[in-house]
Amino acid sequence: EPRVAQAALESISVWPSRDAPEPSGSLFLTRGTATALPRNLSNQAEIEGILKHARFHVVNPELIDFFELMSVVSQSSSIVITWGSALTNLAYAPMGARVCILQSDSYQEESFEILFSRIVHSRNLQVTVLASEGNIVGLDRVASWVSGAGD
Numbered sequence: 001e002p003r004v005a006q007a008a009l010e011s012i013s014v015w016p017s018r019d020a021p022e023p024s025g026s027l028f029l030t031r032g033t034a035t036a037l038p039r040n041l042s043n044q045a046e047i048e049g050i051l052k053h054a055r056f057h058v059v060n061p062e063l064i065d066f067f068e069l070m071s072v073v074s075q076s077s078s079i080v081i082t083w084g085s086a087l088t089n090l091a092y093a094p095m096g097a098r099v100c101i102l103q104s105d106s107y108q109e110e111s112f113e114i115l116f117s118r119i120v121h122s123r124n125l126q127v128t129v130l131a132s133e134g135n136i137v138g139l140d141r142v143a144s145w146v147s148g149a150g151d
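The numbering used here applies: residue 1 is where the sequence shown begins, and numbers increase by one.
This is the structure in structure tokens:
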């Protein structure tokens, strides 16, 4: 619900003593090693390298608290994120943010429109989905999106 996400974002100002992470205009929300399914891309480390080189701040939501997560996402105008439940964090993205979703083979049957369209439309997000082939997303496709040519 958009109003709930907005209220959560506004609550950040209630905690002035909290040290928020340094905001970055560009963010890669990654995940730890998934053992139950092959959810991680086979070339995720190489993708992370490209994004770090492009000055993306790399964050694993499992390793920070919710306040930090909301803060970092809300201050990122370009977000790369892996497909899965972490996409709900886009509810805290700035209006009109550019978003690149990396979709591993294990998620190819899921429909983005059914699961996450309300978040995308309520935040007016500019979304590109890069689906994998053989559980690999081409590094050239990632680099193209980063440069703005792959939208």
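Beta carbons are placed, not taken as given, at the ideal position from N, Cα and C, and that holds for glycine.
Source: prediction; values computed, not measured.
(message) Taking the straight line between their C-alpha atoms, what separation do you get for Ala45 and Gly138?
(response) Residue mapping note: residue 45 aligns to position 45 of the sequence shown, counting from 1. Residue mapping note: residue 138 aligns to position 138 of the sequence shown, counting from 1. Taking the straight line joining both Cα atoms gives about 12 Å.
(message) Which residue wins for smallest C-alpha separation from Ser26, given the options Lys52, Leu41, Arg118?
(response) Counting from 1 along the sequence shown, the entry for residue 26 is found at position 26. Ranking the options by Cα distance to Ser26, first place goes to Lys52.
(message) Strictly by DSSP, which residues pair up with Ala131?
(response) The residue labelled residue 131 in the question sits at position 131 within the sequence shown. In DSSP, Ala131 forms a bridge with Gln103.
(message) Starting from Ile50, trace the alpha helix (DSSP H) in both directions and tell me its first and last residue.
(response) Translated into positions along the sequence shown, residue 50 becomes position 50. From DSSP, the alpha helix (DSSP H) with Ile50 extends over 44 to 53.
(message) At the level of alpha carbons, what is the spacing between Ser77 and Trp145?
(response) Within the sequence shown, the letter at position 77 stands for residue 77. Within the sequence shown, the letter at position 145 stands for residue 145. Their Cα atoms are separated by approximately 13 Å.
(message) One question on the structure: do Asn60 and Met95 come within less than 7 Å of each other, judged by their Cβ atoms?
(response) As a working mapping, residue 60 is identified with position 60 in the sequence shown. As a working mapping, residue 95 is identified with position 95 in the sequence shown. The criterion of a C-beta distance shorter than 7 Å is not satisfied by Asn60 and Met95.
(message) Which residue marks the beginning of the alpha helix (DSSP H) containing Ser111, and which one marks its end?
(response) Numbered from 1 along the sequence shown, position 111 holds the residue referred to as residue 111. Neither: Ser111 is in no alpha helix (DSSP H) and is coded neither H nor E.
(message) Rounded to whole angstroms, what is the Cα-Cα separation between Ser85 and Leu41?
(response) The sequence position of residue 85 within the sequence shown is 85, counting from 1. The sequence position of residue 41 within the sequence shown is 41, counting from 1. Taken atom to atom, the span from the alpha-carbon of Ser85 to that of Leu41 is near 16 Å.
(message) What does the Cβ neighbour count give for Val129, buried or exposed, with the cut at 16 atoms within 10 Å?
(response) Within the sequence shown, residue 129 is the residue found at index 129, counting from 1. Within 10 angstroms of the beta-carbon of Val129 lie fewer than 16 other beta-carbons, which makes it exposed.
(request) Using only alpha-carbon positions, find the residue among Glu68, Asn43, Ser147 that is nearest to Thr82. (result) Counting from 1 along the sequence shown, the entry for residue 82 is found at position 82. Across the set Glu68, Asn43, Ser147, the C-alpha of Asn43 shows the shortest separation from the C-alpha of Thr82.
(request) State the DSSP-derived secondary structure class of Gly138, mapped to helix, strand or coil. (result) Against the sequence shown, residue 138 aligns to sequence position 138. Here DSSP, grouped into helix, strand and coil, assigns Gly138 to coil.
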